[in-house]
Structures are given as C-alpha cells and as structure tokens.
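Visitor: The structure under discussion is supplied below as structure tokens; questions concerning it will follow.
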Amino acid sequence: MSKTVTPTEQGAHCKPIHALTFGLYRTAGKLYAKHYLGFRTNRIPRPCAGAHLILCNSQTLHDALLVRQAFDYPVYCVQTLAQRRSPVTLLTDALTAPLYQKPVLGTWSGSAVQGIGRIIAEGGSVCLFPCGEPAYGHTPNPPSKQVVSLIRTLGVPVVFYTLHGGAGAFPRWADERRKGPFIGRHERTLTPAEYACMSDDELYALIGRTLSVNDKPLGLTYKSNHRAERLDRVLYVCPRCREHSVLYALGNHVSCRGCGMTADYTEAGNFVFLNCETSISTVDGWMDYQVSWLKNRIDSFENEIYKDEGITILSVGKKPADEPLFGTLIMTRERLLLRFEDGERGTRTVGFSLDSVATLTPVGKSKLSLSAAQSTWEISGSSKFCAYKYAQLFNALRGQFRK
Numbered sequence: 004m005s006k007t008v009t010p011t012e013q014g015a016h017c018k019p020i021h022a023l024t025f026g027l028y029r030t031a032g033k034l035y036a037k038h039y040l041g042f043r044t045n046r047i048p049r050p051c052a053g054a055h056l057i058l059c060n061s062q063t064l065h066d067a068l069l070v071r072q073a074f075d076y077p078v079y080c081v082q083t084l085a086q087r088r089s090p091v092t093l094l095t096d097a098l099t100a101p102l103y104q105k106p107v108l109g110t111w112s113g114s115a116v117q118g119i120g121r122i123i124a125e126g127g128s129v130c131l132f133p134c135g136e137p138a139y140g141h142t143p144n145p146p147s148k149q150v151v152s153l154i155r156t157l158g159v160p161v162v163f164y165t166l167h168g169g170a171g172a173f174p175r176w177a178d179e180r181r182k183g184p185f186i187g188r189h190e191r192t193l194t195p196a197e198y199a200c201m202s203d204d205e206l207y208a209l210i211g212r213t214l215s216v217n218d219k220p221l222g223l224t225y226k227s228n229h230r231a232e233r234l235d236r237v238l239y240v241c242p243r244c245r246e247h248s249v250l251y252a253l254g255n256h257v258s259c260r261g262c263g264m265t266a267d268y269t270e271a272g273n274f275v276f277l278n279c280e281t282s283i284s285t286v287d288g289w290m291d292y293q294v295s296w297l298k299n300r301i302d303s304f305e306n307e308i309y310k311d312e313g314i315t316i317l318s319v320g321k322k323p324a325d326e327p328l329f330g331t332l333i334m335t336r337e338r339l340l341l342r343f344e345d346g347e348r349g350t351r352t353v354g355f356s357l358d359s360v361a362t363l364t365p366v367g368k369s370k371l372s373l374s375a376a377q378s379t380w381e382i383s384g385s386s387k388f389c390a391y392k393y394a395q396l397f398n399a400l401r402g403q404f405r406k
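According to the working numbering, the sequence shown is numbered sequentially starting from 4.
Structure representation (structure tokens):
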C-alpha cells in the first residue's frame with residue numbers, strides 16, 4: 004500500500020452474501036442494541052459518494068454492532084480480538100470475512116491493512132476504532148498515530164461517528180448493563196481536499212479531539228442494582244490498608260477483605276467511602292492511585308508478587324492446537340509462571356521470562372494476551388480474574404507506568 008488507492012464510484016460495494024448477512028445482522032442487532040443495551044442513534048444515509056473510511060471511538064465491547072446500526076449500508080469493521088470473540092458477532096464474522104486488529108493499542112495487523120485497501124478500492128466502507136479496545140474508566144485511550152498515514156494512503160473521505168454514554172451504560176469491566184443515556188451520532192465528514200491542507204500533527208489533533216469522548220463531566224446517571232459488580236477486574240489495591248489483591252465487588256459496593264474498607268459506587272459513577280479518608284472519587288482516580296502505588300512499591304516487591312488460582316493458559320493460532328493448561332498463575336520480577344498438577348509426574352511449572360515477552364495485554368473483560376517468541380497465548384481465569392493488574396505490573400517493570 005505504497006500508493007494512493009483509487010476507489011470506484013459505484014456506491015457501497017458488497018458481495019451478495021455479505022449484503023444479505025449485513026441485512027439480517029442489522030435487524031437482529033437492532034433488537035439487541037435497542038432493547039438490551041438501550042442504544043439510540045439516528046439512521047445515517049450515505050454521507051458521501053463512493054468509498055470512505057469511518058472513524059469511531061471505543062466505549063464498549065459491542066462497538067462494531069452499534070456502528071452497523073447507524074448506517075443504511077454495509078460497513079466492514081476492523082474489530083479487536085475481544086469483539087471478534089463476542090458471541091453476538093460470530094455468525095457475521097464467519098460470513099463477511101471481518102478484519103481483525105492486534106490486541107496492542109494502536110497497531111493493526113498487515114492482513115487487516117491489506118483488507119482495508121482491498122475493500123476501499125472496490126468502493127466499500129470500512130470502520131476503524133483508532134483508540135483500540137475501550138478504556139476501563141471514562142478517560143479514553145489516545146488514538147493510534149498510524150491512522151494518519153492510513154488516511155493519506157487511502158485518499159478517501161473520512162466520516163467521524165461517535166458513541167456517547169457507553170462507559171456508563173456498559174463499562175468494559177461489567178457483565179450487566181446499566182439503564183441510562185447511550186447514543187451515537189455523526190459528527191462530520193472530512194474530505195480529501197480538507198485533510199490534504201493539514202499537516203500530520205493537525206490531522207492527528209483533529210482525530211483526537213473528535214474521538215476523545217468523556218461523558219463523566221456531564222453528570223449522567225445510570226441505574227442498576229449491580230453497579231459495582233466486577234469492578235474488582237480493574238481495581239486491586241485498597242487505599243486504606245494499601246494491600247493488593249484484597250478487593251471484592253458486590254452489588255453497589257467495593258470492599259476490602261483485609262481491613263474492611265467499603266466504598267459505595269453511585270449512579271453517577273462516583274465513589275463514596277464509608278470508612279476511609281481518600282481523595283479517590285472515580286474509577287479513573289482509583290486507577291491513577293494504583294499507578295502511584297506501583298511506582299512506590301516497584302523496587303520493594305518480593306519473589307511472588309501476584310498469584311491467582313484456577314487459571315487456564317491456551318496457545319492461540321497453533322494447528323493442531325495444544326492442550327490447555329490449568330493451574331496457578333504466578334508473576335515475579337523476572338518471570339510469569341503457571342504451576343499445575345500433571346498426574347503421576349506431580350507438580351510442574353512452565354513459564355516465560357519477562358525479557359522474552361513482547362506484549363502482555365488485557366483483552367476483553369478478564370483475559371490476558373501474551374506474545375512471546377512468535378507465539379500468542381491466552382490467559383484466563385474466573386469471572387473475577389484481574390488480568391489488568393498483571394499487564395500493569397509488566398509495564399511497570401519495564402519502566403512504563405500507565406493506566
């Protein structure tokens with residue numbers, strides 16, 4: 004893709020089987036999006052003739068489904084691995100050859116980029132989520148800078164579509180939705196002539212301003228009797244006793260097994276602490292506190308830093324697939340280990356040196372994707388498994404403190 008693609012001007016290109024699948028998908032998806040997720044959007048007619056690129060922010064693991072509800076024509080989405088594995092999208096994925104995104108913030112696989120170019124060249128429409136998977140809190144991830152070069156290579160109009168309220172209605176860490184405002188809207192269409200006059204920095208800044216949607220300052224409320232449940236997938240340090248892996252979330256509260264700290268999670272997405280003096284008031288604030296905690300503790304950790312039982316590790320993409328391993332996950336300063344029972348051979352331990360691990364990334368709600376030595380592994384646990392803390396510690400040991 005070294006030269007600009009010249010798209011056809013014959014409208015939305017789509018194979019007949021894809022058109023049928025998208026039509027059925029949109030009808031079924033409308034029921035799910037409207038009646039279960041509470042999502043509302045105006046149907047958007049074709050914003051420009053011929054092929055175009057749609058850019059959308061990331062708020063939930065159902066974003067690809069929501070985008071397809073908004074447009075009156077087939078849209079191919081570059082989905083994250085977590086979206087790919089959602090049961091809601093399995094049938095459409097099988098019939099419409101979707102494009103997948105690596106589970107690393109801001110990168111797309113080579114096959115996905117080639118697929119984007121092919122669809123655009125044939126006059127189709129492709130939707131990207133430049134911010135990667137949705138953030139755990141309200142503050143969105145920054146968009147990938149790779150999207151600027153991709154836009155210039157494709158040379159087609161860019162349509163901006165944004166989701167609002169998803170972080171409150173269906174947070175990434177949650178299993179159940181909350182009742183409250185959740186909408187999508189068409190922001191603007193940027194023509195090739197308009198962005199040709201912009202520098203790369205100016206174009207990236209425009210993308211960032213448009214897609215960086217943070218609804219928290221609006222004070223929106225979301226009702227549920229399970230508002231805090233599964234927050235322990237992302238919160239793991241108690242601000243009162245400062246110990247890790249001691250939090251549990253139940254109903255509308257987050258509590259500590261060690262010191263008894265309790266915080267109520269309100270309909271406005273704020274914490275009210277009942278027996279702890281702290282400045283933390285939001286999920287983002289608690290996550291910032293955990294970053295500070297890591298900075299202060301990183302040099303004093305002992306051998307086994309984190310440890311979780313009931314873990315499954317599975318090799319992804321290998322054919323034939325290896326048998327999954329079940330055991331206890333342990334993370335030290337140098338290695339990520341899985342200790343398991345192997346029949347008559349007794350207790351065995353397999354693991355990875357952290358120096359050999361290229362990426363350790365949270366995927367979806369409670370899974371880890373590990374890339375090492377040209378192999379990819381999926382690590383999962385119980386419904387309360389906090390994959391996020393392992394990824395954050397991995398980055399911290401490499402000197403990269405980030406949420």
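All C-beta atoms, glycine included, are put in the ideal place defined by N, C-alpha and C.
Pull up the DSSP beta-bridge partners for T352, would you.
Guide: Here residue 352 refers to the residue found at position 349 when the sequence shown is read from its first residue. In DSSP, T352 forms a bridge with R342.
Visitor: Counting along the chain, where does the beta strand (DSSP E) carrying P77 start and finish?
Guide: Translated into the one-based positions of the sequence shown, residue 77 becomes position 74. Neither: P77 is in no beta strand (DSSP E) and is coded neither H nor E.
Visitor: For the ligand ADP, is there a heavy atom less than 6 angstroms away from the beta-carbon of R188?
Guide: Ligands are entirely absent from the displayed structure, and the ligand ADP is therefore not among its contents.
Visitor: Between the alpha carbons of L238 and Q377, how many angstroms are there, rounded?
Guide: Indexing the sequence shown from 1 puts residue 238 at position 235. Indexing the sequence shown from 1 puts residue 377 at position 374. Answer to the nearest angstrom: the Cα atoms are 31 angstroms apart.
Visitor: Use the C-beta contact count for P106: other C-beta atoms within 10 angstroms, 16 or more gives buried, fewer gives exposed.
Guide: Residue numbering aside, residue 106 sits at position 103 when the sequence shown is read from its first letter. Since pLDDT at P106 reaches only 45, below the 50 mark, its modelled position is unreliable, and the value read off the structure follows with that caveat. Flag for P106 reads buried.
Visitor: Secondary structure at K387, three-state DSSP: helix, strand or coil?
Guide: As a working mapping, residue 387 is identified with position 384 in the sequence shown. Coil at K387, not helix or strand.
Visitor: Could you please give the first and the last residue of the uninterrupted beta strand (DSSP E) stretch that includes P365?
Guide: For the purposes of this step, residue 365 is taken as residue 362 along the sequence shown, with counting starting at 1. Taken as a continuous stretch (DSSP letters only), the beta strand (DSSP E) holding P365 covers V360 to V366.
Visitor: What whole-angstrom Cβ distance do L40 and F185 have, given they're in contact under 8 angstroms?
Guide: As a working note, residue 40 is residue 37 in the sequence shown. As a working note, residue 185 is residue 182 in the sequence shown. Indeed they touch by this definition, with Cβ atoms about 6 angstroms apart.
Visitor: What does the alpha-carbon distance come out to for the pair G402 and L34?
Guide: Position 399 of the sequence shown holds residue 402. Position 31 of the sequence shown holds residue 34. One C-alpha to the other measures close to 46 angstroms.
Visitor: What residues in its chain sit with their C-beta under 6 angstroms from that of L340, if we drop five residues either side in the sequence?
Guide: Taking the first residue of the sequence shown as position 1, residue 340 is located at position 337. Same-chain partners within the cutoff: I333, T352 and G354.
Visitor: Kindly indicate the opening and closing residues of the beta strand (DSSP E) around A252.
Guide: Taking the first residue of the sequence shown as 1, we reach residue 252 at position 249. Run containing A252: L250 to L253, per the beta strand (DSSP E) assignment.
Visitor: Once the 5 residues before and after L209 are set aside, which same chain residues still bring their CB inside 6 angstroms of it?
Guide: For the purposes of this step, residue 209 is identified with residue 206 of the sequence shown, where counting begins at 1. Excluding positions up to five away in sequence, the list is empty.
Visitor: Quick check on DSSP: helix, strand or coil for W289?
Guide: What you label residue 289 is simply residue 286 of the sequence shown in a count that begins at 1. W289: helix per DSSP, three-state reduction.
Visitor: On the three-state DSSP scale, how would you describe Y164?
Guide: Taking the first residue of the sequence shown as position 1, residue 164 is located at position 161. Y164: strand per DSSP, three-state reduction.
Visitor: Identify, in the order they occur along the chain, each residue of the same chain with its Cβ nearer than 7 angstroms to the Cβ of L363, setting aside the five sequence neighbours on each side.
Guide: Taking the first residue of the sequence shown as 1, we reach residue 363 at position 360. Counting only Cβ-Cβ distances below 7 angstroms, and skipping sequence neighbours, we find L371, L373, Y393, A394 and F397.
Visitor: If the criterion is Cβ atoms closer than 7 angstroms, does the pair G171 and L214 meet it?
Guide: Reading the sequence shown from its first residue, position 168 is the one you call residue 171. Reading the sequence shown from its first residue, position 211 is the one you call residue 214. The answer is no: Cβ separation not under 7 angstroms.
Visitor: DSSP puts M334 in a beta bridge; with which residues?
Guide: Taking the sequence shown and counting its residues from 1, the one referred to as residue 334 is at position 331. DSSP lists Y309 and L339 as partners of M334.
Visitor: Between N306 and the rest of its own chain, which residues show a CB-CB distance below 6 angstroms, the 5 nearest in sequence each way excluded?
Guide: In the sequence shown, counting from the first residue as 1, residue 306 sits at position 303. Excluding positions up to five away in sequence, the list reads T335.
Visitor: Indicate the three-state DSSP secondary structure (helix, strand or coil) for V107 in the structure shown.
Guide: Position 104 of the sequence shown holds residue 107. With a pLDDT of 45 at V107, under the threshold of 50, the modelled position of this residue cannot be trusted; read the value that follows with caution. DSSP places V107 in coil when its eight states are reduced to three.
Visitor: Using only CA atoms, which one of R71, S61 and D311 lies nearest to A36?
Guide: Counting from one through the sequence shown, the residue named residue 36 turns up at place 33. For A36, the nearest C-alpha among the options comes from R71.
Visitor: Helix, strand or coil, according to DSSP, for D203 in the structure here?
Guide: Counted from its first residue, the sequence shown places residue 203 at position 200. Helix at D203.
Visitor: Using CA coordinates, which residue listed in T315, I314 and R300 is at the minimum distance from I308?
Guide: Here the question's residue 308 lines up with position 305 in the sequence shown. Checking every option, the nearest Cα to that of I308 belongs to R300.
Visitor: DSSP state of R29, grouped into three classes?
Guide: Here residue 29 is taken as the residue at index 26 of the sequence shown, counted from 1. Helix at R29.
Visitor: Rounded to whole angstroms, how far is the Cβ of T44 from the Cβ of A73, which I believe are closer than 8 angstroms?
Guide: In the sequence shown, the residue the question calls residue 44 occupies position 41. In the sequence shown, the residue the question calls residue 73 occupies position 70. With a Cβ gap of about 5 angstroms, T44 and A73 count as contacting.
Visitor: Look at the alpha carbon of A115 and the alpha carbon of Q82, and state the distance between them as a whole number of angstroms.
Guide: Translated into the one-based positions of the sequence shown, residue 115 becomes position 112. Translated into the one-based positions of the sequence shown, residue 82 becomes position 79. The straight-line gap from Cα to Cα measures roughly 10 angstroms.
Visitor: Following the continuous beta strand (DSSP E) through A266, name the residue where it begins and the one where it ends.
Guide: Locating residue 266 in the sequence shown gives position 263, counting from the first residue. It spans T265 to Y268 - the beta strand (DSSP E) in which A266 sits, taken as one unbroken run.
Visitor: Residues in the same chain with beta-carbon distance under 7 angstroms from V151, minus the five sequence neighbours each way, listed in chain order, please.
Guide: Numbered from 1 along the sequence shown, position 148 holds the residue referred to as residue 151. Here the set comprises D203, L206 and Y207.
Visitor: What is the DSSP secondary structure of Q82, reduced to helix, strand or coil?
Guide: The count along the sequence shown starts at 1 and reaches residue 82 at position 79. The answer is strand: DSSP assigns Q82 an E or B state.
Visitor: Hey, how far is the Cα of V366 from the Cα of E136?
Guide: Residue 366 sits at position 363 when you count from the first residue of the sequence shown. Residue 136 sits at position 133 when you count from the first residue of the sequence shown. Distance between the alpha carbons of V366 and E136: 8 angstroms.
Visitor: In whole angstroms, what separates the C-alpha of A361 from that of P174?
Guide: The sequence position of residue 361 within the sequence shown is 358, counting from 1. The sequence position of residue 174 within the sequence shown is 171, counting from 1. The alpha-carbon atoms of A361 and P174 are separated by roughly 28 angstroms.
Visitor: Got a sec? Which residues, its chain only, sit under 8 angstroms from R188 by beta carbon, not counting five neighbours each side?
Guide: In the sequence shown, counting from the first residue as 1, residue 188 sits at position 185. Cβ neighbours of R188 beyond the five flanking positions: T44, N45, Y164, T165 and H167.
Visitor: Find the nearest neighbour of N217 within the set S303, I123, S386 and V286, judged by alpha-carbon distance.
Guide: By one-based count along the sequence shown, residue 217 stands at place 214. Checked all of S303, I123, S386 and V286; the closest Cα to N217 is V286.
Visitor: Tell whether a beta-carbon distance below 7 angstroms holds between A54 and G127.
Guide: As a working note, residue 54 is residue 51 in the sequence shown. As a working note, residue 127 is residue 124 in the sequence shown. In contact: A54 and G127 (Cβ atoms closer than 7 angstroms).
Visitor: Run through the DSSP bridge pairs and tell me what K370 is partnered with.
Guide: Locating residue 370 in the sequence shown gives position 367, counting from the first residue. Paired residue(s): V366 and S383.
Visitor: Taking the alpha helix (DSSP H) that R155 falls in, what are its first and last residues?
Guide: Here the question's residue 155 lines up with position 152 in the sequence shown. R155 -> alpha helix (DSSP H) spans Q149 to L157.
Visitor: When you compare only the Cα positions, how much space is there between F276 and S356?
Guide: As a working mapping, residue 276 is identified with position 273 in the sequence shown. As a working mapping, residue 356 is identified with position 353 in the sequence shown. Spanning the two alpha carbons is a distance of roughly 40 angstroms.
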